[in-house]
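Have a look at the structure below, then the notes.
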Amino acid sequence: MSAYRITGETGEWEVIVGLEVHAQIVSQSKLFSGASAEYGGEPNTHVSLVDAGFPGMLPVLNRECVAQAVRTGLGLRAQINLFSRFDRKNYFYADLPTGYQISQFEHPIVGKGTVEIELSDGEVRHIGVTRMHMEQDAGKSIHDQDPTRSFIDLNRAGVALMEIVSEPDIRSPEEAGAYIRKLRQILRYLGTCDGNMEEGSMRADVNVSVRREGEEGYRTRCEIKNVNSVRFVMQAIEVEAQRQVDIWESGGEIDQETRLFDHVKSETRSLRTKEDAHDYRYFPESDLLPLVIEQSWVDELKAALPELPEDKRARLEKEYGVSRYESGVLTAEQSVADFYETVARGADARLATNWILGDFFAALNRTGRTIEDSPVSAEALRELLSLISDSTINGKIAKEVFEDMVETGEKASVIVDRKGLRQVTDTGAIEAAINDILAANADKVAEYKSGKDKLFGFFVGQTMKAMKGKANPAMVNELLKKLLAS
Amino acid sequence: MMSSIFDYTLASAREALRARKVSAVELVDAHIDAIERLDDGLNSFITRTPEQARLAAKEADALLARGEGGSLCGLPIGIKDLFATEGVRTTAASKILGNFVPPYESTVTANLKRDGAISLGKLNLDEFAMGSTNLTSAFGGVENPWKRCDSDAKLVPGGSSGGSAAAVAAGLVLGATGTDTGGSIRQPAAFCGITGIKPTYGRCSRFGTIAFASSLDQAGPMARTLQDCAILLESMAGFDPKDSTSVDRPVPHYEAALGRGVKGLKVGIPKEYRIDGLPAEIEAIWQQGIDWLKEAGAEVVEISLPHTKYGLPAYYIAALAEASSNLARYDGVRFGERVQGASLDALYEATRAAGFGDEVKRRILLGTYVLSSGYYDAYYLRAQKVRTLLQRDFLKAYETVDVILAPTAPSGAFAWDEKPTDPVQVYLNDVFTVPASMAGVPALSVPAGLDSRGVPLGLQLIGRFFDEETLLAAGSVLEKAASFTHRPTIHAGVSA
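Residue numbers (our numbering), protein chains in the order written: chain A, 806 to 1291; chain B, 33 to 528.
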């Protein structure tokens, strides 16, 4: 693929992007308290005294959150640090009850790893992961409900997050999009984050800088905070890179600063400059001991990991003979892959692939359903395909049966019986129908015999029509050939 | 034959209660009465809870009558107002928590309650436990019940557990909880002529105790005798899943260690504690302690704790850094006092300006400074290194000795108006207590005698990690030898 470049007045510019993705850990309770970590709920109903920072309250680390972080690290093929430590990041804000966020600054639980991304033209790139650490989320400030007051909802305060920091290896908006989607896919496979960007369970800080083509080293970067969709990340990179190119080319300098992306105006705006950046006064969290985990526990978690997308993809290609493209679509979501395998296992894999990627997905789209609440279950689809394979119905009838299944939720065999769609394999009946047609179309028979081979299709069509579509197509072909030759 | 109900120690009261020689109601009523008589002057209580105490006393008597009740059943004590007590105002002696009533109970006080102790109220302290005089309390200073023989000047009780020390010394309670961050149990115990133990860090849960410096804070008992302290500590101590820094190991029967003696024990005398300008009287009481231990069969050797002189500055950096962060939650947003402001920052500024006293503000500023970008390495990180070295000093010393003997404080109690105007001079009070805090090892103070003006002086013993028992054994020898039976001028047992 040709490299992504911004063409300025004075030449070509390369874009350098690093992403810090915040992913909410799937867990029952919060990182340091027993309060529910569930999304939603009436404001301030999922709050313990620890979350609200009451005097004398102490954090207690949630073991399941640590397990989730380790699983994620393993899924990113990253180093798991058996020793890690929590630090306090100090700043004042009304939705930060204790006045500090407990995070892992100096000693994160996960070290270097990689994420493999695939671009639209099939090119594969490896994006480095610098580190991943656990931290607690802050609450939510609500400023638009009252003219003079702000409201605080602490339901989110203390919820466990993973911050996954990439190397500055990303070179285009497309790569950034592919990276986030891939990360999301891995986390969802692992069950460590639901990846729901609308609910804020995944969001990204985007670091962008530009440099002239061929230039060594990096120029000053800007950080775009809290971007909450893949599309916005891609747009933000595009407009921010262009802004920086314009400034450099007009002889200006980029200030290291934090910016916000406004998707309505499609621009980034300065939030704070380096000068008024917070001094977070990080120091070790002395309410918690350093986190020391055993290699044997990591091994246990590793052994119990689900199959990861890349591995599943390779296996589907090998086991079911699907193409690279098809395996990509089939493994995008674990639920799709599971559905596919339920249908394809022990069935005609090619037939299963074609049906799922074709009629089945079309039906989901049309009905606005997802694979989780599909009107046709994997078992039901498998039965339908088995009716095709054993010649109970033909492919054309199968489409009709499938539409009925979507509509009624009935089993394929029930519909076939109800509608009398069982394929006719009675040679006598088909022969009789063919003889009638040949008799009624003597002129066409003559033309055919004089060399107009194309008319064969006409005879097939007429026969199927006479048989109400239920004749076995292979038998029709065979008998037609025989009778036309006589 | 008891001459007064105020002659009871915690231990003897416990026996009398069980033998039904005295009832919990009598005991509690007498102490409530003493508080009413004396504490308007001493000011050792911030909040008195006589009604709850009387109710609890009735229940205790019912239990005792059936031969039931926990190890502390019916015994009146006081709680330093740094421990959260469910339904009872908990202030940390700060205006910012002036009306704060927690809906929860600290683990230490819950343990005492479980064993039947009866709280008479919440005891005064330096604001957020920051001070060595108990003069920084937003609820007014505490008067030491002791007077100099030659003057009527009000003396400080020491701090930060000054209210606890004064109340115990004056006979208003049989025992009290304290907390010690850099000497806050030991120094006021010495100033008030009572006994106090700072246990090993992690021995008592910090859950529900308002934090000053998380890595140093440790709750401990204060009482008139070591036996009383041992009884209280056994109840207070123990692992708590709600405090990740509390340690999961069994709590010994501390009382049993008191009679072990010191025969064959090696006692270390740290040469670095012989600081310049140490008053001769302190020097003398220290020597007296050495002699007592020798007479009881201990071997006394000089040892070196080479990093001692860095202890005090490193302590004030480490403790204040943590404090600056721990006190960030007092922002007027969720609980405590709020002073409105036009913006969030204005609200913070107004609330904290009005809510915190000068010493607390000074310490927050210092703590914030030492953590600031560009200063962290020079201050905080270096202080942590010193801390490791101090710990190593002790570990090395404990290769050759079992326990270390030192003065508790460089002077006896001074008068309110003698408090140095330079805060650093006040910080020097902690010079002998801070190293053990920084190392996390246990230490205690026992009253050893009076100085020439009739004010008590204490001796400090510092022990190995989780070896409170050896401390108690050695402390008990000092206690016996000193036979400190003096009473302060202001005492419940002395009729006015």
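Ideal placement from N, C-alpha and C gives every residue a C-beta, glycine not left out. Just so you know, these numbers come straight off a predicted model, no measurement behind them.
Unbroken beta strand (DSSP E) runs of no fewer than 3 residues, entirely contained in the stretch 984-1048 of chain A, are found at 1007-1017 and 1027-1032, following chain order. Against residue 944 of chain A, chain B offers no close residue; the least beta-carbon distance is about 10 Å (beta-carbon pairs closer than 9 Å). Residue environment for residue 177 of chain B: buried (at least 16 other C-beta atoms within 10 angstroms of its C-beta). Taking all protein chains shown into account, residue 1194 of chain A has fewer than 16 neighbouring C-beta atoms within 10 Å of its C-beta and is therefore exposed. Residues of the stretch 399-415 of chain B whose Cβ lies closer than 8 Å to any Cβ of chain A, in chain order: 400, 403, 404, 405, 408 and 412. Within the stretch 1085-1155 of chain A, complete alpha helix (DSSP H) segments of at least 4 residues are found at 1100-1108, 1114-1125, 1129-1136 and 1139-1149, given in chain order. Distance between residue 1050 of chain A and residue 813 of chain A, taken at the CA atoms: about 7 Å. Chain order gives the chain A residues near residue 247 of chain B as 1091, where near means a beta carbon separation below 8 Å.
Taking a contact as a CB-CB distance under 8 Å, the pair residue 293 of chain B and residue 509 of chain B counts as one, their CB atoms being some 7 Å apart. Runs of alpha helix (DSSP H) with 4 or more residues, each lying fully within the stretch 59-141 of chain B, are found at 82-97, listed in chain order. With contacts defined by Cβ atoms closer than 7 Å, residue 322 of chain B and residue 300 of chain B do not form a contacting pair. Counted as a single uninterrupted DSSP element, the stretch harbouring residue 1210 of chain A is not any beta strand (DSSP E) but the alpha helix (DSSP H) occupying residues 1200-1213. If the five residues before and after residue 422 of chain B are omitted, its C-beta is found closer than 8 Å to the C-beta atoms of 337, 339, 340, 342, 343, 346, 467, 470 and 471, all from its own chain and listed in chain order.
Counting C-beta pairs with one atom in each stretch, the stretch 1029-1046 of chain A and the stretch 1080-1093 of chain A have fewer than three that are closer than 8 Å, which means they do not touch. Bounds of the beta strand (DSSP E) holding residue 895 of chain A are 892-895.
Residue-level contact check: residue 1096 of chain A does not touch chain B, since none of the beta carbons of chain B fall below 7 Å from its beta carbon. Residue 361 of chain B is bridged by DSSP to nothing; it lacks a bridge partner. Bridge partners of residue 479 of chain B according to DSSP: B:490.
Per the coordinates, the alpha-carbon of residue 959 of chain A lies some 13 Å from the alpha-carbon of residue 965 of chain A.
The stretch 400-466 of chain B contains, as complete beta strand (DSSP E) runs of 3+ residues, the segments 435-439 (chain order). For residue 69 of chain B, the closest C-alpha among the options B:280, B:203, B:269 and B:217 is that of B:203.
Look at residue 1114 of chain A: its C-beta is not under 7 Å from any C-beta on chain B. Around residue 367 of chain B, the beta-carbon contacts reaching into chain A at under 7 Å are 859.
The continuous alpha helix (DSSP H) containing residue 220 of chain B extends over residues 218-223. By the C-beta density criterion, residue 1023 of chain A is exposed, having fewer than 16 other C-beta atoms within 10 angstroms. For residue 207 of chain B, the uninterrupted beta strand (DSSP E) segment begins and ends at 207-212. Remark: C-beta atoms of residue 49 of chain B and residue 262 of chain B do not approach each other more closely than 7 Å. By DSSP's assignment, residue 1064 of chain A forms a beta bridge with A:1029 and A:1075. When Cβ-Cβ separations below 7 Å define contact, residue 903 of chain A makes contact with chain B. Non-local C-beta neighbours of residue 1269 of chain A in its own chain, meaning closer than 7 Å and more than five positions away in sequence, comprise 1276 and 1281, ordered along the chain. Using a Cβ-Cβ distance cut-off of 8 Å, the stretch 295-309 of chain B and the stretch 470-485 of chain B are not in contact, since fewer than three pairs of beta carbons, one from each stretch, lie closer than that value. In the three-state DSSP reduction, residue 1280 of chain A falls in the helix class (H, G or I).
Leaving aside the five residues that flank residue 1228 of chain A on each side, the residues in its chain whose CB is nearer than 8 Å to its CB run, in chain order, 1196, 1197, 1198, 1199, 1202, 1275, 1276 and 1277. Residue 255 of chain B carries a strand assignment under DSSP once its states are collapsed to helix, strand and coil.
Counting along the chain, no beta strand (DSSP E) covers residue 178 of chain B, and no H or E run does either. For the C-beta of residue 1084 of chain A, the chain B residues within less than 8 Å are, from N- to C-terminus, 404 and 405.
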